[in-house]
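Student:
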Amino acid sequence: MAIDNRENVSEAPERESMEFDVLIVGGGPAGLSAAIRLKQVAAEQGTELSVCLIDKGAEIGAHILSGAVIDPRALNELLPDWQDKISTPLTSVSQDSFLWLKENSSSQLPLPLLPNCLKNKGNLIGSLGQVSAALAVEAEALGVDVFSGFAATQVLFDDAGQVIGVTTGDMGLDKSGNPTAMYQPGMNLLAKMTFFAEGCRGQLGKQLINHFNLDSNSSKQSYGLGIKEIWQIPKDQHQAGLVIHSVGWPLDNHTYGGGFAYHYGENLVAIGLVVGLNYENPYLSPYEEFQRLKTHPAFSTFLSGGERLSYGARTMVAGGLSALPELSFPGGALIGDDAGFLNGARIKGTHCAVKSGSLAADAFLACFKNQSIDFTQFTLEYRQRFEQSWLYQELYQTRNFKPYMKNGLVMGSMLFGVEQLLLKGRSPWTLKIKQADHERLKEAKNFKPITYPKPDGKLTFDRPSSVFLSNTNHEEDQPCHLKLVDTNVPIRVNLEKYAAPETRYCPAGVYEIIGEQHQEKLQINAQNCLHCKACDIKDPQQNITWTAPQGGEGPIYQGM
35 MAIDNRENVS EAPERESMEF DVLIVGGGPA GLSAAIRLKQ VAAEQGTELS
85 VCLIDKGAEI GAHILSGAVI DPRALNELLP DWQDKISTPL TSVSQDSFLW
135 LKENSSSQLP LPLLPNCLKN KGNLIGSLGQ VSAALAVEAE ALGVDVFSGF
185 AATQVLFDDA GQVIGVTTGD MGLDKSGNPT AMYQPGMNLL AKMTFFAEGC
235 RGQLGKQLIN HFNLDSNSSK QSYGLGIKEI WQIPKDQHQA GLVIHSVGWP
285 LDNHTYGGGF AYHYGENLVA IGLVVGLNYE NPYLSPYEEF QRLKTHPAFS
335 TFLSGGERLS YGARTMVAGG LSALPELSFP GGALIGDDAG FLNGARIKGT
385 HCAVKSGSLA ADAFLACFKN QSIDFTQFTL EYRQRFEQSW LYQELYQTRN
435 FKPYMKNGLV MGSMLFGVEQ LLLKGRSPWT LKIKQADHER LKEAKNFKPI
485 TYPKPDGKLT FDRPSSVFLS NTNHEEDQPC HLKLVDTNVP IRVNLEKYAA
535 PETRYCPAGV YEIIGEQHQE KLQINAQNCL HCKACDIKDP QQNITWTAPQ
585 GGEGPIYQGM
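Take the position in the sequence shown, starting the count at 1, then add 34; the result is the number in the numbering used here.
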């Protein structure tokens with residue numbers, strides 16, 4: 035039995051199978067940490083344990099994008115010498131700056147007035163992709179089978195409804211889903227336990243949450259879209275270890291989000307903008323808002339004369355503790371961003387992902403006896419270990435952050451600041467998010483179109499040149515991995531009522547309305563897709579489903 039979201043070939047292919055004790059889907063910090071911890075503890079116990087990890091990227095780290103200011107706590111616990119294994123050393127944070135922007139000016143908030151969750155002393159700046167690549171080497175050295183370029187496209191169940199593994203995607207299908215001369219069927223990867231660590235809005239994680247009704251007691255999940263570039267700037271404009279966060283312009287008070295700039299490495303700056311996907315105005319373009327951000331004097335001063343090296347985008351979970359689903363189900367568990375382990379108030383998820391993977395690994399080995407697993411016991415162990423961890427305490431302290439933002443950025447920030455500074459996050463109330471992000475989008479008739487400046491080619495750029503820097507590649511003659519439930523909705527609903535918001539919220543220009551008036555149609559340029567999954571989250575009718583293309587395709591991020 036399988037959840038199947040792909041176009042089927044005319045006849046079911048014969049598939050090879052491989053069996054493991056534990057299968058991990060996803061080669062980010064959560065999946066790799068789980069793999070490493072499993073092998074560490076198994077060796078301590080003298081337990082024979084086969085562990086396999088698969089990742090859809092061409093190489094481990096290819097699809098990894100984060101700010102990235104990393105809280106090292108969880109990695110220090112897992113591998114005390116992990117920093118020695120990174121190809122490029124990380125930069126210690128030397129200075130925090132939190133700015134409130136107006137169009138041509140800025141005010142710096144005094145550091146003593148900032149909640150501790152917004153301070154970055156002791157954190158590190160660098161590439162999470164490089165960290166993930168180093169963790170993969172460590173996992174392989176411990177005996178983990180690590181396979182990149184394999185996209186998990188189906189969940190496999192036994193007759194009792196228990197998850198028993200996944201199927202990897204078929205290769206070499208044409209646009210109609212028929213086998214070509216290059217056709218290779220996917221494999222069935224079977225396991226006693228499967229950890230799903232696909233990252234934010236994971237394809238299979240989303241299906242499993244619905245299939246097992248894991249979020250029935252949770253607050254609505256909320257997301258942000260992060261858009262990021264890496265620049266190399268003149269040496270005299272670089273301040274190693276400087277961390278800048280900003281709120282306010284170019285976003286209005288009703289739109290959650292903020293900018294960031296991190297100085298690290300050899301005159302490198304990671305600059306970006308996070309826009310909450312619960313925004314209301316369908317004319318808003320997160321990509322164009324990011325281009326505007328770079329023209330503000332607070333950022334243009336150090337970018338001027340620099341060279342843009344990389345570009346990328348991804349969504350991030352932001353609902354917090356109350357939006358976490360049940361973490362496990364018969365045969366498997368959710369870890370990392372697949373579950374929602376990210377601290378939105380801190381704008382950090384790496385330490386959460388690493389810790390959740392380690393906790394799940396410990397819970398599994400506490401229940402793995404005589405080559406079998408007691409799933410009832412595992413559910414209790416995983417939940418109990420999480421609730422007794424520092425990760426739970428951290429998420430509990432900031433649990434009301436995103437719900438407060440429904441009051442607007444100014445009032446929401448004030449309420450959260452008071453709760454953190456005076457109550458230390460121990461308020462007697464827990465707020466819930468009641469609307470999904472796509473439900474917050476309002477019809478275009480309520481707004482005026484936004485006119486964005488044309489790119490200057492120095493600080494601001496168009497989408498095609500940006501996508502080029504992401505090294506994104508997809509074979510065009512394959513089934514489109516962006517599925518429409520109803521092909522009429524993009525014109526009949528999205529265009530007529532919402533002015534085609536998919537043409538603006540996508541940071542890669544995947545969606546385009548072509549044709550003359552009354553003869554319009556939606557063109558999907560799937561080859562541009564950055565796998566950010568904003569479309570899967572923000573489409574007002576939930577008519578778009580993101581699925582994994584052929585393994586190894588998508589962006590190949592350099593240093594993200």
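All C-beta atoms in this analysis are idealised placements derived from N, C-alpha and C, irrespective of residue type, glycine included.
Just list the beta strand (DSSP E) runs in the stretch 247 to 327, keeping only unbroken ones of 3 residues or longer that don't cross its boundaries, in chain order.
Tutor: Complete beta strand (DSSP E) runs here, min 3: 257 to 266, 276 to 282, 291 to 298, 302 to 310.
Student: Using a Cβ-Cβ cut-off of 7 Å (strictly less than) and excluding sequence neighbours within five positions of N312, which residues of its own chain qualify?
Tutor: S256, Y290, D471, R474
Student: Could you have a look at D520 and say whether DSSP puts it in helix, strand or coil?
Tutor: coil
Student: Might you give, ordered along the chain, the residues of its own chain that have their beta carbon closer than 6 Å to the beta carbon of I528, omitting 5 neighbours on each side?
Tutor: Here residue 528 is Asn; the residue named in the question, Ile, does not match the sequence. Cβ neighbours of N528 beyond the five flanking positions: A534.
Student: Secondary structure at G586, three-state DSSP: helix, strand or coil?
Tutor: coil
Student: Which residues mark the beginning and the end of the beta strand (DSSP E) in which V189 is found?
Tutor: Residues 186 to 191.
Student: Could you compute how far the alpha carbon of L112 sits from the alpha carbon of R71?
Tutor: Their backbone Cα atoms lie some 7 Å apart in a straight line.
Student: According to DSSP, R348 sits in a beta bridge with which residue or residues?
Tutor: According to DSSP, which records beta bridges pairwise, R348 is partnered with G260.
Student: Using DSSP with H/G/I as helix, E/B as strand and the rest coil, what is T384?
Tutor: helix
Student: When you compare each of V544, L66, P316 to G233 by their alpha carbons, which one comes out closest?
Tutor: Comparing Cα-Cα distances from G233 to each of V544, L66, P316, the minimum goes to L66.
Student: Determine the contact status of L135 and S280, defining contact as a CB-CB distance below 7 Å.
Tutor: Less than 7 Å divides the Cβ of L135 from the Cβ of S280.
Student: Pull up the distance between the alpha-carbon of F363 and that of G339, whole angstroms please.
Tutor: 53 Å
Student: DSSP state of L358, grouped into three classes?
Tutor: Annotated three-state conformation of L358 is coil, per DSSP.
Student: Who are F230's beta bridge partners in DSSP?
Tutor: According to DSSP, F230 shares a beta bridge with V59, L368.
Student: Only counting runs of 3 or more residues, tell me where the beta strand (DSSP E) segments fall wholly within the stretch 60 to 100, in order along the chain.
Tutor: 85 to 89
Student: Using the beta-carbon count (16 or more within 10 Å), is K468 buried or exposed?
Tutor: exposed
Student: What does P213 pair with, by DSSP beta-bridge criteria?
Tutor: L207
Student: Can you give me the Cβ contacts of R40 inside the same chain, cut-off strictly under 6 Å, excluding the 5 residues immediately before and after it?
Tutor: Summary for R40: the model assigns pLDDT 40, below 50, so the residue's position carries little reliability; its value from the coordinates is reported in the next sentence. For R40, where only same-chain residues beyond five positions count, the Cβ hits under 6 Å are T187.
Student: Spatial neighbours of G239 within its chain, please: C-beta separation below 8 Å, excluding the five flanking residues on both sides.
Tutor: F230, E232, L368, D372, A373
Student: Tell me the DSSP bridge mates of S334?
Tutor: Its beta-bridge partners do not exist; DSSP assigns none.
Student: Just mark F398 as buried or exposed, buried being the case when its beta carbon has 16 or more other beta carbons within 10 Å.
Tutor: buried
Student: Just to check my reading of the structure: E341 and W265 have Cβ atoms closer than 8 Å, yes? What is that Cβ distance to the nearest angstrom?
Tutor: 7 Å
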